[in-house]
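Data first, discussion second: the structure below is written as structure tokens.
Number of protein chains: 2
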Amino acid sequence: MHESSTLITAPTTPMIWHGWGDPTRRPGLSPRAEALLAQEIGPLDRHTPPVPLEEVRVGPSALSDDDRRALEAIVGPDRVLDDHLTRVRHAGGKSYPDLFRRRQGDAVAAPDAVVLPGSHEEVAAVLAVAAERGVAVVPFGGGTSVVGGVEPERGGFDSLIALDLARMDRLVTLDEESLLATFEPGIRGPEAEAELRRRGYSLGHFPQSYAYASIGGYVATRSAGQASTGHGRIDQLVHAVRVATPIGELSAGVSPATAAGPDLRQVVVGSEGLLGVITEATLRIHHAPEVEVYEAHAVRSFTEGAAILRELVQAGVAPDVCRLSDVDETRTFVQQTEGVKGTALRGYLSLRGYGEGCLLILGWDGSRASVALGRAAAARVLRGHETLRLGTRPGDAWAHGRFDGPYLRDELMDRGVMVETLETATTWSAIPRLYGAVRRALHDALGDRGTPPLVLCHISHVYPSGCSLYYTWIARQDQGDELAQWRAAKAAASEAILAAGGTITHHHAVGTDHRPYMTAEVGDVGVSLLRALKDAVDPTGILNPGKLVP
Amino acid sequence: MHESSTLITAPTTPMIWHGWGDPTRRPGLSPRAEALLAQEIGPLDRHTPPVPLEEVRVGPSALSDDDRRALEAIVGPDRVLDDHLTRVRHAGGKSYPDLFRRRQGDAVAAPDAVVLPGSHEEVAAVLAVAAERGVAVVPFGGGTSVVGGVEPERGGFDSLIALDLARMDRLVTLDEESLLATFEPGIRGPEAEAELRRRGYSLGHFPQSYAYASIGGYVATRSAGQASTGHGRIDQLVHAVRVATPIGELSAGVSPATAAGPDLRQVVVGSEGLLGVITEATLRIHHAPEVEVYEAHAVRSFTEGAAILRELVQAGVAPDVCRLSDVDETRTFVQQTEGVKGTALRGYLSLRGYGEGCLLILGWDGSRASVALGRAAAARVLRGHETLRLGTRPGDAWAHGRFDGPYLRDELMDRGVMVETLETATTWSAIPRLYGAVRRALHDALGDRGTPPLVLCHISHVYPSGCSLYYTWIARQDQGDELAQWRAAKAAASEAILAAGGTITHHHAVGTDHRPYMTAEVGDVGVSLLRALKDAVDPTGILNPGKLVP
């Protein structure tokens, strides 16, 4: 148990244009990791760096002078930007295909301009001008979408702007009695958390994109953080939202609960910029934790680990963080552990017969008393199962590296390797079938192309009725056919998910990548309802074309 | 602590047509209660019984022979009913104005026929016929709405049917691993609970209407039960819904959580029959409790009691049932307590200086171990506050009588007395203002008419960010002008709620009574979204006209 301190601080530099994160931080692949990967997917013998920035192609800006002047009149002339780097930075999000294209020098679809509003009123005025003049608008928070959520798709309009909310980054109000904090949408995860910690509170929402993702983005994409089992998904944390739409302001959420009809908050949450731009979000917060602790166990199998998580959550004593890696992910984690610690861990697991086991990480944060109570309650459940206690070190190692995955993806893309993730969820009774189906689909689809993948999976969010499954797949790129290779794997996995009764996305959202599967997800009538919502508030269809609604 | 057994069993007789509940059970007013009321609102010296059934006026059935035959072809000839009693029973719900009119013999608006479908397919076929032929349809579950939710408003159509779901009363599937139960909509509270208890499970959803309310009605009205602080409001318990709409079937909810766009489950929950008819609801269940325990405390003031509840819920240790009565409700409860127990209770409170105090009831149910843990955790919070422990008797008395309120309303209506309830909610920081504003509005509105009311209030649902307020008001009827008197009080209270930042309804839903306030609740853009949803699935507007959407 240690002071709550593993959180990264707010990045001071803009994200690197062709990959993830801080441009000055390039962690590199360890020799152990490289050897392991070579063994699993073949040699990492290629060198495939991104092109230099100046070679990245963007189209000429299609924004008319009139349109530009109308936008400048709202936000000021220096807040309508169309320099090369700004346009490249807004040419997409951080999905594998996004990055692959940008690294190859293709940002041809980049927005014609990036507009930086400073208030709800400015957002509303920009939307009015855009609707009147037929300019598509892509709301842009942290730009961390991994599903094409900020792709500059024009939807038939001649010009397109990205509406970058970075200037709207304040904590607006704090209601300490009701434990509610109202934020502007552009504030990023670490800055929002720091504003709260300074006053003794925490939001506790830590998706892997935390360093750069924005509060508005969390809400618009229905995100889930790593501690969401304890502190709630963003949809459970949203108390109220204020939204600028082309037909006026929508405020949803006046009380902790209501029976006044359908829940319009839950219509805004997950609306991905298609219904309007979130200009304020009021979120539930809690008292800042005194301590955080991560304990690790080895379990015999994924099935056994899942049974433990199910029992914990159904007994109402699930830890705040619950994470169970499957055999392949566990092996990858254990094999990568460097030095004496790694040797000791591998030896211990093997000696105790857990060489083919699964790693279970349980994490708590809160007051010393509540963490002690939570651990004791979980321990009572764990006593009914055979597990090998590994102490807090592997858990701390996970917590320490938990925001690093995207950096490693960049390294691997430099070495001719595809890395992609996807996530789904279903009921406990359907999990075994879903787990196997997606794994098989990825192995088959990529194996058939001669690029057999390493497929890793973990459970990271548990509910009384089921859990999520998060997959990472890694394979050598099919050189010259990289995007077709990605599409084949993505399609195979998506179809397997739907056939096995999973949701097409547990927390990455829909964007462009999952849009073809939305009809299967919600049915024809569901799609009609989504279209009706869209048409009601955005009759000209300027808002984020090509996303979410088929 | 005692075995979990205070639940009423399923009623075997249909509800009395002019009031609440089992026709054979008419508990009567105790002499103590009568004396207390006389002191508060004036003498109960009038005799105002309902008219005999045969004197109740219904209009001639406007359903054409063709329409009737089309409906009979779907459900069978003996399932399209238009006898006098059946039409009277479906002429409205159980709100004060509903009952007042019916008791006076006015059921003129009664449905032209009552149709009893037996399956999703039959419901879908009835909706198709109704849409084609222009017949309004009021979905009818338990018929317990207290906000005009099942008023037979024709919305411009020549004829109207009530679609009574009583035949669709099965537990369809039970997923014991995922703790999910799928019910047909017409099964009533006690029967659903009994189906689950028989197998070791519980839904734990106990609104005051429990004895007669249906599962479909819970979902359609976004209901909250008395133990919702512990077990969740129905919107938190809904895993999936199947809905028959005029344009086809909507299934929403495939996994415990998803990021696939707006949550269409939360669009169906609270849709009050305007978007379709819920034909299946999959709900989260839990293991049946071994024990239940209710402990009572006296606290010095409503403010102090609210602070205790806030601290409990924000610490994550709120009991399953949390109920705090204000001074007037506490006095009414204490004064009514009969016999030696009552004398002792009054003496004890007065002696210890709590004669003007407030009653706090905390209830737990679950396994012996979890209840013990929950009580211990709450005790730690309570130790930081001055309370007078009253043991379990007052709590048991409340639990024993908790479904009896509506019976007492009937008694009072027989004596020329108006009884009405309303509920709202807001954030903790706004509660003091809301609490006072609604009380004053009711006192002023009814006092000004020469019928000063007794106004009782309690908190019954607590959330980390706020709580509900539930008001009961009792006043002598303004003879000859009873409905205007009710409207004046209702309007005054509703306007006070909105001005003080409360929601217009916390768990009674919208129906006809709260519809005029929906624009204030969700704004013009919110209303546009609701209308768009409605128009998308019910283009001819046959479904439950005149409710919810202004």
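Line by line, the protein sequences are chains B and R. With the first sequence counted from 1, adding 3 to any position gets you the numbering used here. With the second sequence counted from 1, adding 3 to any position gets you the numbering used here. Every residue, glycine too, gets a C-beta built ideally from N, C-alpha and C. Predicted model, so just to flag it, every value in this text is computed and none were measured.
- prompt: Looking at C-alpha atoms only, which residue of B:P17, B:S98, B:I44 and B:P455 is the closest neighbour of G408 of chain B?
  reply: B:S98
field: Distance, I545 of chain B Cα to R82 of chain R Cα
entry: 50 Å
message: If I measure Cβ to Cβ from S226 of chain R and keep anything under 6 Å in the same chain, skipping five residues before and after, which residues do I get?
response: P210, I237 and H510
message: With three or more C-beta pairs closer than 8 Å as the rule, is the stretch 532 to 551 of chain R touching the stretch 129 to 148 of chain R?
response: Because the criterion of three Cβ pairs below 8 Å is met, the stretch 129 to 148 of chain R and the stretch 532 to 551 of chain R touch.
Contacts around A131 of chain R, its chain only, beta-carbon distance under 8 Å, and the 5 residues preceding and following it disregarded: P249
query: Looking at the unbroken beta strand (DSSP E) that takes in E295 of chain B, where does it start and where does it end?
result: V294 to V302
message: Could you check whether the stretch 168 to 187 of chain B touches the stretch 31 to 39 of chain R, counting it as contact only if at least three pairs of C-beta atoms, one from each stretch, sit closer than 8 Å?
response: Judged by Cβ distances under 8 Å, the stretch 168 to 187 of chain B makes no contact with the stretch 31 to 39 of chain R, as fewer than three pairs qualify.
- prompt: Is W476 of chain R helix, strand or coil when you go by DSSP?
  reply: strand
message: Would you call the stretch 120 to 127 of chain R in contact with the stretch 152 to 171 of chain R, where contact means no fewer than 3 C-beta pairs closer than 8 Å?
response: These segments touch.
Three-way DSSP call (helix, strand, coil) for L174 of chain B in this model: strand
- request: Compute the Euclidean distance between the alpha carbons of M521 of chain R and P265 of chain B, then round it to the nearest angstrom.
  value: 11 Å
task: Return the chain-ordered ranges of every alpha helix (DSSP H) run that is complete within the stretch 98 to 154 of chain B and spans a minimum of 4 residues.
output: 99 to 106 and 123 to 136
Cβ shell of Y473 of chain R (< 6 Å), same chain only, five flanking positions each side left out: Correct list, in chain order: E426, H461 and S463.
- request: Could you spell out where the beta strand (DSSP E) holding A255 of chain R opens and where it closes?
  value: Element bounds for A255 of chain R: G251 to A255.
- prompt: Residues bridged to I507 of chain R by DSSP?
  reply: By DSSP's assignment, I507 of chain R forms no beta bridge with any residue.
- prompt: Quick one: does I218 of chain B have its CB under 8 Å from some CB of chain R?
  reply: Not one chain R Cβ lies under 8 Å of I218 of chain B.
Amino acids of chain R, ordered along the chain, whose beta-carbon sits closer than 8 Å to that of Y466 of chain B: P259 and A260
message: Counting only beta-carbon separations shorter than 8 Å, does Q317 of chain B have a partner in chain R?
response: yes
- prompt: Checking contacts by CB at 8 Å: is L163 of chain B closer than that to chain R?
  reply: With its beta carbon at least 8 Å from every one in chain R, L163 of chain B lies outside the interface.
query: What residues in the stretch 193 to 212 of chain R have a beta carbon less than 9 Å from any beta carbon of chain B?
result: none
Exposure of V111 of chain R, with buried meaning 16 or more beta-carbon neighbours within 10 Å: exposed
query: Is the Cβ of V458 of chain B closer than 8 Å to any Cβ of chain R?
result: no
query: Contact check, G514 of chain R vs K550 of chain R under 8 Å by CB: the rounded distance?
result: Contact between G514 of chain R and K550 of chain R holds: their C-beta atoms lie close to 5 Å from each other, under 8 Å.
Range covered by the beta strand (DSSP E) that runs through R245 of chain R: V241 to T248
task: Quick one: list the residues of chain R neighbouring M521 of chain B, beta-carbon separation under 9 Å, in chain order.
output: A263 and G264
Secondary structure of D81 of chain B, DSSP reduced to three states: Three-state DSSP puts D81 of chain B in a helix.
message: Taking contact to mean 3 or more Cβ pairs, one atom from each stretch, closer than 8 Å, check whether the stretch 378 to 395 of chain B and the stretch 308 to 320 of chain B are in contact.
response: Yes, the stretch 378 to 395 of chain B touches the stretch 308 to 320 of chain B.
Pick from R:A495, R:V153, R:L376 and R:R202 that is closest to A321 of chain R, judged by C-alpha positions: R:L376
field: the stretch 427 to 447 of chain R / the stretch 158 to 166 of chain R touching (three or more Cβ pairs under 8 Å)
entry: no
query: Going by the CB atoms, is the gap between A230 of chain B and G207 of chain B shorter than 8 Å?
result: yes
Endpoints, the alpha helix (DSSP H) within which D413 of chain B is located: G408 to M416
task: Closer than 7 Å, Cβ to Cβ, to anything on chain R: give me those residues from the stretch 167 to 187 of chain B, in chain order.
output: D178, E180, S181, L182 and L183
query: Can you tell me whether D329 of chain B is buried or exposed, with buried defined as 16 or more other CB within 10 angstroms of its CB?
result: buried
- request: Report, in whole angstroms, the separation of the C-beta atoms of R200 of chain B and Y215 of chain B, which I expect to be a contact under 8 Å.
  value: Their Cβ separation, rounded to whole angstroms, is 19 Å, which puts R200 of chain B and Y215 of chain B out of contact at 8 Å.
message: For a quick check, are the C-beta atoms of G24 of chain B and A262 of chain R less than 8 Å apart?
response: no
- prompt: How many angstroms separate the CA atom of H21 of chain B from the CA atom of P53 of chain B?
  reply: 7 Å
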